[in-house]
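Student: Those sequence lines, one after another, are chains A and B.
Going by full-length UniProt numbering, the residue at position 69 of the first sequence is 69; the numbering climbs one at a time, nothing skipped.
Going by full-length UniProt numbering, the residue at position 104 of the second sequence is 104; the numbering climbs one at a time, nothing skipped.
Don't be surprised by glycine CBs; every beta carbon is placed ideally from N, CA and C.
My structure is below; once you've seen it, I'll send some questions.
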Amino acid sequence: MHRHPWNNNSDEVFSLSPIKTRKALRQRLGGIHVDKCIFWHMAGEKYVGKMVYSCGFNGFGQLPLVSLEMQKKRVVTFPQLCTHRPCHEILAGTLALGWSSCFLCKDKEIEIHGFFSEQTTREHKLPCICDVQSVHAFQGSVLALPSSCGALLMLMENMQLKEVKAEVKGHDDSKIMSLDSTDDTVYIVTENHHLVSLEQNTTDFIFQEIFSDQPVEVISCGKEHVMVLTIAGSVFSFGSGSRGQLGHGIVQDKVEKPLEIEALSALQITGISCGGWHSAAVSEHGDLYIWGWNESGQLGFLMKSSKIDDFRPKNSTSKESSSITPVDDAIHQPSTANKDQEWHGSRKASTEDNSPVTFLMSPQILDMCPPEEILIKKVSCGSRHTAAITQEGHLYTWGFGRWGQLGHGNEWTLDTPTRAESLGLGVKFIDVYCKEWNTFMLVEEPT
Amino acid sequence: MFQQVLKDLMPKKASVMNEVSLMRGKISPDVNFLINSCVEDYFNEKHQLSLSKAEELLDFCWEKLNKGHWKNVDIVWRKAYSICSLIKALSIFSEAPSSGQLGSESLVLKKALEVCDMGILMGAPILDGILPQLALQLQLLITAGKPEGSKNEEVQVSNCATEKEETYMVTKRAKTRHVIYPKISPRHVIPKVNCPSLHHFQMYHMEVARPVILTGVIDKWPAMTSRKWSLAYLNTVAGDRTIPVEIGTKYTEDDWSQKLMPLREFISSFVEPTESTEETECPVGYLAQHQLFNQIPELLDDITIPDYCYIKICSYPSDEGKYGKEGEGTEVVDDDDDEVDINAWFGPAGTISPLHHDPKHNCLAQVVGEKYIRLYSQDQSSKLYPHQGFLLHNTSQVDVENPSAARFPEFSSACYQECILQPGELLYIPPKCWHYVRSLTTSFSVSFWWN
């Protein structure tokens with residue numbers, strides 16, 4: 001059987017491409033400074049005049065919207081005002097999103113919207129014994145970090161939050177600083193900057209040290225891959241690389257131990273984000289690097305359309321600048337890349353020759369809207385879409401848009417980064433948090 | 001417009017609910033909740049709502065199906081995909097305009113049919129194979145609803161085709177693509193045997209791994225006689241069915257990709273390009289190694305599994321046996337040892353399967369057109385330069401008809417056999433025997449794999 005049944009097939013072309021390093025050029029422009037991530041536990045004061053908006057999938061009424069009318073919609077295509085007011089400039093942690101529910105951090109309470117405990121709910125309050133510093137969605141439930149101790153609060157079957165102590169062999173009493181999760185496993189960054197995995201067997205929780213070679217600052221997880229940013233600004237990745245999402249230049253079945261992404265090693269990375277099957281990183285110079293699967297245009301590169309017209313001989317030479325595909329027409333096909341595949345695609349994956357890209361195996365700079373040069377401050381990836389905030393505070397979104405997650409007022413899937421303008425051109429975007437089929441944004445409105 | 005058959009096919013709420021309840025505990029509670037409310041909405045005739053929910057669920061299942069290896073995904077997600085496809089198709093169908101506007105009605109039917117096919121291709125069988133049955137009825141409705149003119153035309157063409165060779169698809173041959181006919185040297189010719197006994201076939205071919213062309217075996221198939229597989233016939237029977245198409249010359253090339261499209265579009269765009277598209281560069285499209293007969297069981301009536309495919313040789317435990325056991329309970333159905341695995345291979349002249357070998361016995365039935373085939377026995381492997389690594393180790397790096405002597409010096413000294421397989425002939429390819437296949441005309445072959 002030289003071919004697999006079609007739906008078991010390693011999909012299409014694998015492309016390998018070197019990064020266009022423009023570091024030198026950027027340095028000539030005179031080192032633009034980018035703020036390092038402010039950690040949520042460092043700030044405390046309430047921001048007045050800053051609003052949270054959200055859009056995307058709302059099939060369980062999970063979006064905490066102010067408008068009760070919008071709350072009833074299954075798909076929210078324009079960003080809508082949320083009831084939530086975070087106490088600092090980073091959204092992730094003050095709220096957490098699963099596919100069917102949303103958790104909000106409210107001092108001594110966790111507020112739950114959407115599907116919870118076998119039914120849909122709105123503003124369900126879950127009391128905590130202490131102040132909650134951050135929340136995290138995991139497998140339809142919630143994990144919380146209390147601000148006092150460095151422990152982890154986990155929701156038990158009796159709907160009580162129970163404290164789980166992180167006891168890593170050889171590291172007594174490691175406090176938890178931040179966490180994220182793949183579909184199956186929770187990963188924790190401890191106060192001493194080690195990366196630890198948390199697995200649950202029947203009764204106990206097993207903490208296992210994954211990485212301590214370099215101090216870890218940020219963790220981000222996709223569906224089946226994990227990326228960490230070290231204090232030194234290096235990026236490591238591990239997990240599944242079946243769509244090139246690990247960024248090591250090849251399709252990989254599974255990488256067990258964190259491996260540095262060499263293509264980024266010469267750069268100072270300030271922010272990272274993992275999508276479902278793609279990854280993104282922002283450099284200190286404001287360059288956005290992106291790689292992985294481009295099945296819905298989430299890399300911002302021309303995607304392969306599933307429409308047959310692509311293969312008809314083209315008699316007109318008119319080049320379309322962007323390809324907009326209502327997703328209803330797009331036929332999705334699963335594509336499972338194969339074990340340890342080392343398929344070095346020779347075709348160049350770039351926008352220059354306008355050839356469609358299915359996978360990028362290595363980080364590649366994404367020019368948001370060439371020839372204009374746009375510097376990026378922050379990036380966040382949802383399941384199959386991506387959002388980035390520029391240094392001017394503009395928001396661009398692209399990728400899968402069927403559930404309104406791009407916030408452009410329609411359900412289109414876009415493979416071109418497109419500025420979100422519905423809140424007006426004067427607003428300044430402070431932060432963006434994408435998860436699953438949703439986008440949350442923190443916005444400063446003009447006075 | 002509603003036919004009684006279709007009405008009888010409509011699933012009962014209880015049976016759908018039962019199928020859903022079997023998944024409880026294996027799928028997350030939120031998905032379970034939404035599937036239940038989706039089914040509930042459909043049977044309460046809230047079709048818009050059940051449609052939206054089914055689409056949301058399909059997207060969610062799609063993400064599940066794409067996590068990790070396809071074969072490791074719990075089959076429950078494929079079942080869920082099929083159930084949601086069913087509800088989506090039924091919701092679309094129920095929203096169809098009751099009568100009058102024929103055009104829009106046929107669009108709705110086509111949409112519903114496409115949804116069924118996606119459920120068949122990506123999902124797993126549910127409710128006694130309801131999706132293929134529903135798809136059959138939808139295709140019949142679409143074909144029946146065609147404007148009178150075009151319907152008659154098609155019927156006529158297909159009638160003609162059964163009588164006259166000229167209108168048969170083979171005539172497209174040299175016109176569409178520049179095809180080189182290789183000269184078959186007598187030294188390399190594959191022997192032909194007319195309808196040998198099972199015993200003869202087993203003794204002199206299967207057990208000694210000796211390829212042979214069998215004549216007089218498949219030439220009475222309806223596909224070759226009463227229901228001849230002309231393009232018009234295929235369009236009538238399955239024109240609106242969604243099929244996977246490989247695009248690009250060879251699967252080893254970079255530009256190779258796969259697309260889903262209705263059979264009719266595949267035929268018009270790739271198999272039978274019109275005058276205007278002929279000259280311009282159009283990639284080769286190939287409906288290759290697709291289990292078409294599982295998807296469209298009615299096409300099975302046009303062929304017969306050759307008796308030879310039921311011969312079992314009790315041999316020492318093979319590598320495949322061991323390999324198959326690794327996956328334990330999650331193995332996909334087609335690895336069933338007793339099943340004959342039937343695949344369709346349909347495309348224009350110029351489709352190429354690079355030199356490779358498969359683990360099973362293979363009978364390749366040539367129904368329409370001609371194919372050039374080159375065989376190398378397993379003992380020649382050292383001269384064939386297989387690709388390195390897990391994925392393509394069964395495929396040679398050599399371009400058989402244009403080998404690079406510099407890169408593959410040993411290749412020219414490898415012994416081989418060759419043939420131009422004619423309609424009505426059945427080629428036996430032993431397990432692990434290397435084969436290279438290039439279509440010389442528009443071609444439709446059916447392969448039978450068995451252990």
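1. Buried or exposed: histidine 200 of chain B, going by 16 or more other Cβ atoms within 10 Å of its Cβ?
2. Relative to the C-alpha of serine 82 of chain B, which candidate in B/Phe448, B/Lys110, B/Val217, B/Leu121 has its C-alpha closest?
3. Tell me which residues share the same chain as valine 427 of chain A and place their Cβ nearer than 6 Å to its Cβ, disregarding the 5 neighbours each side in the sequence.
4. Under the rule that 16 or more other beta-carbon atoms within 10 Å means buried, what is isoleucine 231 of chain A, buried or exposed?
5. Scan the region 354-426 of chain A and note each continuous beta strand (DSSP E) run of 3 residues or more that stays entirely inside, going in chain order.
6. Bridge partners of cysteine 55 of chain A, per DSSP?
7. Counting contacts by CB-CB distance shorter than 9 Å, is tryptophan 398 of chain A in contact with chain B?
8. Distance check for arginine 227 of chain B and tryptophan 345 of chain B, CA to CA, integer angstroms please.
9. Can you name the residues of chain A whose CB is closer than 9 Å to the CB of serine 28 of chain B?
10. Name the chain B residues whose beta carbon is nearer than 8 Å to that of glutamate 118 of chain A?
11. Hey, how far is the Cα of lysine 319 of chain A from the Cα of serine 355 of chain A?
12. Going by the beta-carbon positions, is the gap between glycine 382 of chain A and glycine 275 of chain A smaller than 9 Å?
13. Which residues in chain B sit within 8 Å of aspartate 183 of chain A, going by Cβ to Cβ distance?
14. Using a C-beta to C-beta distance shorter than 7 Å, which residues of chain B count as neighbours of glutamate 224 of chain A?
15. For glutamine 364 of chain A and alanine 263 of chain A, what's the separation of their Cα atoms in angstroms?
16. State buried or exposed for glutamate 123 of chain A, treating a residue as buried only when at least 16 other CB atoms are found within 10 Å of its CB.
17. Return yes when the Cβ of leucine 195 of chain A is within less than 9 Å of the Cβ of isoleucine 210 of chain A, no when it is not.
18. Given this structure, state the Cα-to-Cα distance separating glutamate 326 of chain B from aspartate 59 of chain B, to the nearest angstrom.
19. Give me the Cα-Cα distance between threonine 236 of chain B and aspartate 8 of chain B, rounded to the nearest whole angstrom.
20. Residues in its own chain within less than 6 Å of glutamine 366 of chain B by CB, not counting five upstream and five downstream?
21. Could you give the uninterrupted runs of the beta strand (DSSP E) lying entirely in the region 95-180 of chain A, keeping only those of 3 residues or more?
22. What separation, rounded to the nearest whole angstrom, lies between the Cα atoms of leucine 259 of chain A and histidine 248 of chain A?
23. For phenylalanine 60 of chain B, return the contacting residues in chain A, with the cut-off set at a CB-CB distance below 8 Å.
24. Going by DSSP, what residue range makes up the beta strand (DSSP E) through alanine 288 of chain B?
25. Run through chain C and tell me which residues come within less than 7 Å of serine 52 of chain B, C-beta to C-beta.
26. Do the CB positions of alanine 349 of chain B and tyrosine 376 of chain B come within less than 9 Å of each other?
27. Is there a Cβ of chain B sitting closer than 9 Å to that of threonine 358 of chain A, yes or no?
28. Of all the residues that make up the region 256-269 of chain B, which are near chain A by a beta-carbon distance shorter than 8 Å?
29. Find the residues of chain A that neighbour glutamate 56 of chain B, judging by a C-beta separation of less than 8 Å, and give them in chain order.
30. Mind reading off the beta-carbon distance from glycine 233 of chain A to isoleucine 269 of chain A? Whole number of angstroms is fine, and I expect it under 8 Å.
31. Measure the CB-CB distance between asparagine 438 of chain A and serine 54 of chain A and report whether it falls below 9 Å.
32. According to DSSP, which residues form a beta bridge with aspartate 341 of chain B?
33. Taking all protein chains shown into account, do 16 or more other C-beta atoms lie within 10 angstroms of the C-beta of methionine 361 of chain A, making it buried, or fewer, making it exposed?
34. At a CB distance below 9 Å, what residues from the region 8-21 of chain B approach chain A? Give them in sequence order.
35. List, in chain order, every chain B residue whose beta-carbon is nearer than 8 Å to that of glycine 276 of chain A.
36. Excluding the 5 residues flanking proline 306 of chain B on each side, which residues of the same chain have their C-beta closer than 6 Å to its C-beta?
Tutor: According to the structure data:
1. Exposed is the call here.
2. Checked all of B/Phe448, B/Lys110, B/Val217, B/Leu121; the closest Cα to serine 82 of chain B is B/Leu121.
3. Only residues of its own chain outside the window of five on either side were considered, and among them Val443, Glu445 have a CB closer than 6 Å to the CB of valine 427 of chain A, listed in chain order.
4. With fewer than 16 Cβ atoms within 10 Å of its Cβ, isoleucine 231 of chain A is classed as exposed.
5. Those beta strand (DSSP E) runs which fall completely within the region 354-426 of chain A and span 3+ residues are 359-365, 376-381, 385-390, 395-399, 412-419.
6. Bridge partners of cysteine 55 of chain A: A/Thr439.
7. It does not; no Cβ of chain B falls within 9 Å.
8. So the alpha carbons of these two residues sit roughly 18 Å apart.
9. Under the 9 Å cutoff, chain A gives Trp99, Ser100, Gln139, Gly140.
10. Those are Pro29, Phe33, listed as they occur along chain B.
11. For lysine 319 of chain A, the predicted structure reports a pLDDT of 32, less than 50, and the residue's modelled location is therefore unreliable. A value from the coordinates is still provided. When rounded, the separation of the alpha-carbon atoms in lysine 319 of chain A and serine 355 of chain A is 12 Å.
12. Taking 9 Å as the cut-off, the beta carbon of glycine 382 of chain A is found closer than this to the beta carbon of glycine 275 of chain A.
13. Residues of chain B whose Cβ lies closer than 8 Å to the Cβ of aspartate 183 of chain A are, in chain order, Lys67.
14. Correct list: Lys67, Gly68.
15. Rounded to whole angstroms, glutamine 364 of chain A to alanine 263 of chain A spans 9 Å at the Cα level.
16. It counts as exposed.
17. For the pair isoleucine 210 of chain A and leucine 195 of chain A, the CB atoms are nearer than the 9 Å cut-off.
18. Per-residue confidence for glutamate 326 of chain B stands at a pLDDT of 36, beneath the threshold of 50, marking its modelled position as unreliable; no derived number is given.
19. One C-alpha to the other measures close to 24 Å.
20. So the list reads Leu421, Pro423, Glu425, Ser445, once near-sequence residues are dropped.
21. Listed in chain order, the complete beta strand (DSSP E) runs (minimum 3 residues) inside the region 95-180 of chain A are 95-97, 101-106, 109-116, 119-127, 132-138, 141-146, 152-155, 161-164.
22. Between the C-alpha atoms of leucine 259 of chain A and histidine 248 of chain A there is a straight-line separation of about 8 Å.
23. For a Cβ distance threshold of 8 Å, residue set Trp99 of chain A lies close to phenylalanine 60 of chain B, ordered along the chain.
24. Unbroken beta strand (DSSP E) run through alanine 288 of chain B: 285-290.
25. Checking the listed chains, one finds no chain C in this structure; the protein chains it contains are A and B.
26. Their beta carbons are not under 9 Å apart, which means alanine 349 of chain B does not touch tyrosine 376 of chain B by this criterion.
27. Taking Cβ atoms only, chain B reaches closer than 9 Å to threonine 358 of chain A, which makes this a yes.
28. Among the residues of the region 256-269 of chain B, those with a Cβ less than 8 Å away from any Cβ of chain A are Trp256, Ser257, Gln258, Lys259, Leu260, Met261, Glu265, Ser269, in the order of the chain.
29. In chain order: Phe57, Gly59, Arg74, Trp403.
30. Contact between glycine 233 of chain A and isoleucine 269 of chain A holds: CB atoms are separated by about 5 Å, below the 8 Å threshold.
31. Result yes, Cβ atoms of asparagine 438 of chain A and serine 54 of chain A sit closer than 9 Å.
32. Paired residues: B/Trp449.
33. Here methionine 361 of chain A is buried, its C-beta having at least 16 other C-beta atoms within 10 Å.
34. Under the 9 Å Cβ criterion, the region 8-21 of chain B contributes no residue.
35. Per Cβ cutoff of 8 Å: Glu63.
36. The residues Val217, Cys363, in chain order, have a CB closer than 6 Å to that of proline 306 of chain B in the same chain once the five nearest residues on each side in sequence are set aside.
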